[in-house]
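Trainee:
There are 2 protein chains.
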Amino acid sequence: MLWDRGYTAASPRAILDRAEVGQGSMYYHFAGKETLALTALTANADALTARVETALRGRGSAARRIHAFLSMQREVLRGCPVGRMVSEPDVLESTVLFEVLTRTFQQTRDLLVAVVADGVQRRELRPDIDPAELADTVMAVVQGGYVLARAAGDAKPYHRAVRGARALVRLAEA
Amino acid sequence: MLWDRGYTAASPRAILDRAEVGQGSMYYHFAGKETLALTALTANADALTARVETALRGRGSAARRIHAFLSMQREVLRGCPVGRMVSEPDVLESTVLFEVLTRTFQQTRDLLVAVVADGVQRRELRPDIDPAELADTVMAVVQGGYVLARAAGDAKPYHRAVRGARALVRLAEA
DNA sequence: GTCTATACAACGATAGAC
DNA sequence: GTCTATCGTTGTATAGAC
Numbered sequence: 000m001l002w003d004r005g006y007t008a009a010s011p012r013a014i015l016d017r018a019e020v021g022q023g024s025m026y027y028h029f030a031g032k033e034t035l036a037l038t039a040l041t042a043n044a045d046a047l048t049a050r051v052e053t054a055l056r057g058r059g060s061a062a063r064r065i066h067a068f069l070s071m072q073r074e075v076l077r078g079c080p081v082g083r084m085v086s087e088p089d090v091l092e093s094t095v096l097f098e099v100l101t102r103t104f105q106q107t108r109d110l111l112v113a114v115v116a117d118g119v120q121r122r123e124l125r126p127d128i129d130p131a132e133l134a135d136t137v138m139a140v141v142q143g144g145y146v147l148a149r150a151a152g153d154a155k156p157y158h159r160a161v162r163g164a165r166a167l168v169r170l171a172e173a
Numbered sequence: 000m001l002w003d004r005g006y007t008a009a010s011p012r013a014i015l016d017r018a019e020v021g022q023g024s025m026y027y028h029f030a031g032k033e034t035l036a037l038t039a040l041t042a043n044a045d046a047l048t049a050r051v052e053t054a055l056r057g058r059g060s061a062a063r064r065i066h067a068f069l070s071m072q073r074e075v076l077r078g079c080p081v082g083r084m085v086s087e088p089d090v091l092e093s094t095v096l097f098e099v100l101t102r103t104f105q106q107t108r109d110l111l112v113a114v115v116a117d118g119v120q121r122r123e124l125r126p127d128i129d130p131a132e133l134a135d136t137v138m139a140v141v142q143g144g145y146v147l148a149r150a151a152g153d154a155k156p157y158h159r160a161v162r163g164a165r166a167l168v169r170l171a172e173a
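First to last, the sequence lines map onto chains U and Z. Just so we're aligned, residue 0 is where the first sequence starts under numbering that gives the first Met the number 0, counting upward by one. Just so we're aligned, residue 0 is where the second sequence starts under numbering that gives the first Met the number 0, counting upward by one.
1) Mind checking which residues open and close the alpha helix (DSSP H) that includes residue 118 of chain Z?
2) Between the alpha carbons of residue 35 of chain Z and residue 51 of chain U, how many angstroms are there, rounded?
3) Based on Cα-Cα distance, which residue from U/152, U/100, U/78 and U/119 lies nearest to residue 85 of chain U?
4) Against residue 4 of chain U, what residues of chain Z qualify as contacts under a CB-to-CB distance less than 9 Å, listed in chain order?
5) May I have the straight-line CA-CA distance separating residue 2 of chain Z from residue 83 of chain U, to the nearest angstrom?
6) Would a check of beta-carbon distances place residue 104 of chain U closer than 8 Å to chain Z?
7) Please report the straight-line C-alpha distance between residue 163 of chain Z and residue 146 of chain U, rounded to a whole angstrom.
8) Measure from the alpha carbon of residue 48 of chain Z to the alpha carbon of each residue in Z/115, Z/59 and Z/138, then state which is nearest.
9) Hey, residue 123 of chain U and residue 62 of chain U are a contact pair by Cβ (cut 8 Å); roughly how many whole angstroms apart?
10) Consider the Cβ of residue 156 of chain Z: report whether some Cβ of chain U lies at a distance smaller than 8 Å.
11) Quick one: which residues of the region 101 to 135 of chain U get their C-beta closer than 9 Å to a C-beta of chain Z? List them in chain order.
12) Using the C-alpha atoms, what's the distance from residue 93 of chain Z back to residue 177 of chain Z?
13) Kindly indicate the opening and closing residues of the alpha helix (DSSP H) around residue 127 of chain U.
14) Quick check on residue 83 of chain Z - is its C-beta less than 8 Å from some C-beta in chain U?
15) In chain order, what residues of the same chain have a beta carbon less than 6 Å from the beta carbon of residue 133 of chain Z, not counting five sequence neighbours either side?
16) Strictly below 8 Å CB to CB, what residues from chain U border residue 7 of chain Z?
17) Just checking: is the beta-carbon of residue 25 of chain Z within a distance shorter than 8 Å of some beta-carbon in chain U?
18) Is it buried or exposed, residue 27 of chain U, if we count other Cβ atoms within 10 angstroms and call 16 or more buried?
19) Spell out a yes or no on whether the region 54 to 70 of chain U and the region 101 to 120 of chain U are touching, meaning 3 or more CB-CB pairs, one atom from each, closer than 8 Å.
20) Could you spell out where the alpha helix (DSSP H) holding residue 25 of chain Z opens and where it closes?
21) Where does residue 52 of chain Z fall in DSSP's three states?
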């Protein structure tokens with residue numbers, strides 16, 4: 000529900016209905032909505048990071064690993080389970096929730112920067128490529144692809160953006 | 000307020016307080032919150048589209064015009080006034096609000112596709128560049144840059160993503 | 001056209017029985 | 001541990017005076 004509707008729109012009542020438990024039951028296990036959301040968001044974020052690691056740690060050249068990251072299967076119209084939180088005021092005001100966002104993005108960034116730096120060092124990628132910049136560009140294409148798709152109500156813009164990015168990364172090969 | 004807090008978090012009460020008018024006054028001028036938001040969102044979207052047109056219609060090569068689009072001044076940590084709406088359930092459920100999102104993104108896309116197609120045709124850009132793909136990639140970098148910046152609580156990831164995109168676009172020049 | 005007062009539902013959370 | 005009942009607050013909107 001956090002993924003599909005976001006933090007604010009996922010009300011305790013709706014959560015309890017969906018879980019088919021009574022009104023008060025959630026407060027026995029969780030201090031409140033924020034704590035429950037922290038658990039759910041952490042689970043979503045960790046699952047995502049694990050998949051990202053699998054894609055990026057694969058064998059092959061730097062370009063192939065970046066392609067693998069770009070080509071990961073994603074529920075495009077559902078949006079990114081982590082990235083979609085960044086525009087919710089309540090999430091930004093929650094230290095613990097915001098920290099999950101920051102940490103999750105930083106982990107992916109670190110992995111991508113390492114892949115690119117490795118590729119440059121091995122002369123698979125052009126020497127003038129800046130690893131930090133390319134890493135953020137690639138992440139931005141994915142996050143922005145979600146936005147374009149949701150604004151269009153159609154996954155095609157996401158796939159076009161990703162294919163365009165793959166073509167550009169090929170040009171960055173040495 | 001729509002820009003800063005989004006649709007759901009911008010409550011009529013808060014709006015009326017900020018406007019320094021009494022509780023009922025807004026309902027004389029607008030049918031409800033949705034109608035007021037439509038007016039505000041349309042104003043934000045039109046202002047943005049006008050600036051995009053200025054950047055993309057400028058003289059210079061296709062690459063220069065794409066660079067101009069990427070380098071437009073943006074309030075990075077505030078997020079995109081249009082793009083930030085895509086994760087709000089109430090906005091997606093509102094036909095009129097959603098239509099503004101769709102239309103605004105489509106207008107920018109059309110302009111960018113034309114610039115890229117023109118560049119390919121003039122042999123300023125490599126012949127294997129797909130205009131629709133590059134256009135969506137460039138838009139995605141901007142939208143995703145906002146997301147990265149907000150998740151980090153820092154504008155730097157946005158600027159890195161955009162600089163990385165500019166570097167890739169230079170590689171796409173013929 | 002703007003105001004104050006108020007309606008009614010939903011929100012997040014708690015009480016207290018079992 | 002889970003339930004039903006309920007609390008106080010806020011969200012969206014309306015009523016009716018001026």
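The C-beta atom is built at its ideal place from N, Cα and C for all residues, glycine as well. None of the values given here were measured: they were computed from a predicted structure.
Mentor: Reading off the structure:
1) 94 to 120
2) 41 Å
3) U/100
4) 88
5) 16 Å
6) yes
7) 20 Å
8) Z/138
9) 6 Å
10) yes
11) 101, 103, 104, 105, 108, 125, 127, 128, 129, 131, 132, 133, 134 and 135
12) Residue 177 of chain Z lies beyond the residue range present for chain Z, which begins at 0 and ends at 173; the question has no answer from this structure.
13) Taken as a continuous stretch (DSSP letters only), residue 127 of chain U belongs to no alpha helix (DSSP H), as it is neither H nor E.
14) yes
15) 115
16) 7 and 8
17) no
18) exposed
19) yes
20) 25 to 28
21) helix
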